[in-house]
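Report on one structure; see the data block that follows.
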Amino acid sequence: MEYPQRTLKRHGINAFLQVVIFIALLCLGYLWILRFICSATRYSESSSTSSAGLSASDADGLILIDHDVLSCLACRFPDRPVHFISFGSDRNESENVRVYMAFDDDRKDYFTIEYGNEVRAVEKFRVVPFDLDGHSFFVPENVDRFLWSWKRSKFVECLNLDMNRTSHEDFQAVALEVSKLRSLAAGYGVTLTLSSGSLLGWYRECSVIPHTHDWDFTINVEEHSPNLIQALEMSSEIGFHYVYSEPSNCFQMKACLEETKLDIFYFYRNDTTGWICGSKGKSRVVWWYPPIAEFCVGDLLGTLVYVPCNVEEHLKVNYGKEWRKEIHSSDFACAENCANIVRRERNEGNSTLPSRFVNRCNGYV
5 MEYPQRTLKR HGINAFLQVV IFIALLCLGY LWILRFICSA TRYSESSSTS SAGLSASDAD
65 GLILIDHDVL SCLACRFPDR PVHFISFGSD RNESENVRVY MAFDDDRKDY FTIEYGNEVR
125 AVEKFRVVPF DLDGHSFFVP ENVDRFLWSW KRSKFVECLN LDMNRTSHED FQAVALEVSK
185 LRSLAAGYGV TLTLSSGSLL GWYRECSVIP HTHDWDFTIN VEEHSPNLIQ ALEMSSEIGF
245 HYVYSEPSNC FQMKACLEET KLDIFYFYRN DTTGWICGSK GKSRVVWWYP PIAEFCVGDL
305 LGTLVYVPCN VEEHLKVNYG KEWRKEIHSS DFACAENCAN IVRRERNEGN STLPSRFVNR
365 CNGYV
């Protein structure tokens with residue numbers, strides 16, 4: 005009769021141990037959740053108060069830019085050097101801290117960062133103080149926006165070729181207006197990327213080709229945002245003219261900033277090829293491009309612009325090997341002369357391609 009008693013006793017001990025372990029795990033889980041809530045609340049409170057944020061260049065201390073740490077501000081520091089930037093002389097690096105120098109130019113709308121052997125550039129941003137693991141530093145006020153920008157921050161220098169122009173126009177005010185559209189799109193997670201003649205003007209001569217009549221942009225179809233389109237239609241600063249087709253197939257938008265015309269094309273791609281479509285009435289033209297595997301940034305008259313990192317590959321496809329040479333716009337129409345035209349299509353009968361006119365741009369055809 006002793007064996008059943010011992011068995012019951014052993015089972016009782018095991019059950020007790022299981023309860024103790026369960027309670028211990030429950031307490032640890034509660035403490036971790038409590039730490040996460042407190043940390044997130046502390047960050048939320050400081051970042052939600054606009055008066056608490058200050059320009060990153062005015063921060064008297066290190067600014068955290070490390071992707072992994074910013075992605076989990078409730079977590080402990082990783083067992084590797086954590087990346088910070090500094091706008092001053094604070095380079096107190098250690099085994100666990102790596103500091104990169106950042107620079108602010110009042111004439112530009114972005115910060116530059118010497119990131120190892122690379123130069124990076126991001127839209128100017130604000131920061132708030134933060135504490136973690138006994139360390140005090142600053143973090144971007146809008147962490148998600150910063151991480152989005154940082155992913156696209158490799159800086160590409162334009163060539164600044166002398167095109168022997170007889171007259172020089174000042175496009176700085178126009179570039180500043182276009183930067184508002186860039187920032188608006190970025191707020192919805194959309195990378196407004198220079199394309200065609202606008203890409204050529206920026207890369208070839210660090211400016212705008214004076215005899216062009218509009219600005220060309222692409223948006224990767226994966227970043228389609230109905231909210232951005234709605235914001236464009238409701239904007240008091242940006243006129244919205246029309247949309248052609250549907251986002252799933254050869255989508256195109258036309259807008260304007262005062263006297264500046266904007267053509268925005270959706271960029272489609274498969275594993276080997278990218279393409280955009282231009283539509284008007286019953287006609288459509290399809291141009292092919294190399295896929296945009298990665299976005300970079302450049303400087304256009306003091307403003308940040310998004311560009312394909314493989315910019316020369318795009319220009320060669322678009323304009324041929326002689327893309328550095330000047331061809332006047334009066335002698336060149338991309339719908340007829342661009343080297344990368346795949347096909348021209350025309351709807352037969354009375355049908356036209358789907359379109360929706362808003363017509364808030366004077367004189368836009």
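Counting in our numbering, the sequence shown runs from 5 upward without gaps.
Ideal Cβ placement from N, Cα and C applies to all residues, glycine included.
Just so it is clear, the structure is predicted and the values come from calculations on it, not from any experiment.
If distances are taken between C-alpha atoms only, which option among the options comes closest to residue i?
i	options	result
valine 101	Lys320, Trp154, Ile69, Ala125	Ile69
asparagine 231	Asn344, Glu250, Gly191	Gly191
arginine 124	Leu165, Ser157, Val86	Ser157
valine 160	Arg347, Leu198, Trp279	Leu198
histidine 385	Asp303, Phe221, Phe336	With the chain running from 5 to 369 in the structure shown, residue 385 is simply not present.
glutamate 122	His318, Thr222, Ala106, Val247	Ala106
arginine 95	Ser287, Asp64, Cys76, Ser239	Asp64
serine 183	Ile296, Arg360, Lys128	Lys128
phenylalanine 221	Ser171, Arg169, Gly282	Gly282
Any idea which residues DSSP pairs residue i with across the strands?
i	result
serine 140	Asp135
aspartate 108	Phe115
alanine 235	Alanine 235 is not bridged to any residue.
histidine 87	Arg102
cysteine 260	Gly243, Lys265
cysteine 300	Val311
threonine 222	Thr197, Phe269
aspartate 253	With the sequence shown as reference, residue 253 is identified as asparagine, and aspartate is not the correct amino acid for it. Paired residue(s): Glu250.
Between which two residues does the alpha helix (DSSP H) holding residue i run?
i	result
glycine 65	Premise fails: glycine 65 is in no alpha helix (DSSP H) and is neither H nor E.
glycine 191	176 to 191
valine 321	315 to 323
leucine 308	Element bounds for leucine 308: not the alpha helix (DSSP H) but the beta strand (DSSP E), 307 to 312.
tryptophan 154	147 to 154
alanine 339	338 to 341
serine 75	71 to 75
From which residue to which residue does the beta strand (DSSP E) around residue i run?
i	result
glutamate 118	114 to 119
valine 362	Run containing valine 362: none; DSSP gives neither H nor E here.
alanine 125	122 to 127
So residue i and residue j are in contact, right, with Cβ under 8 Å, and what is the actual spacing, rounded?
i	j	result
asparagine 344	tryptophan 291	5 Å
phenylalanine 134	valine 143	5 Å
isoleucine 268	glutamine 256	7 Å
valine 225	tyrosine 272	5 Å
valine 247	isoleucine 223	With a Cβ gap of about 12 Å, valine 247 and isoleucine 223 do not count as contacting.
aspartate 137	phenylalanine 81	5 Å
tyrosine 207	cysteine 162	5 Å
leucine 319	leucine 204	6 Å
I'd like to know whether the C-beta atoms of residue i and residue j end up nearer to each other than 8 Å.
i	j	result
phenylalanine 175	leucine 66	no
serine 90	valine 103	yes
aspartate 275	lysine 112	no
serine 114	leucine 308	Residue identity differs from the one stated: residue 114 is tyrosine in this sequence, not serine. Yes. Within cutoff.
tyrosine 323	arginine 186	no
lysine 258	histidine 217	no
glutamate 349	arginine 288	yes
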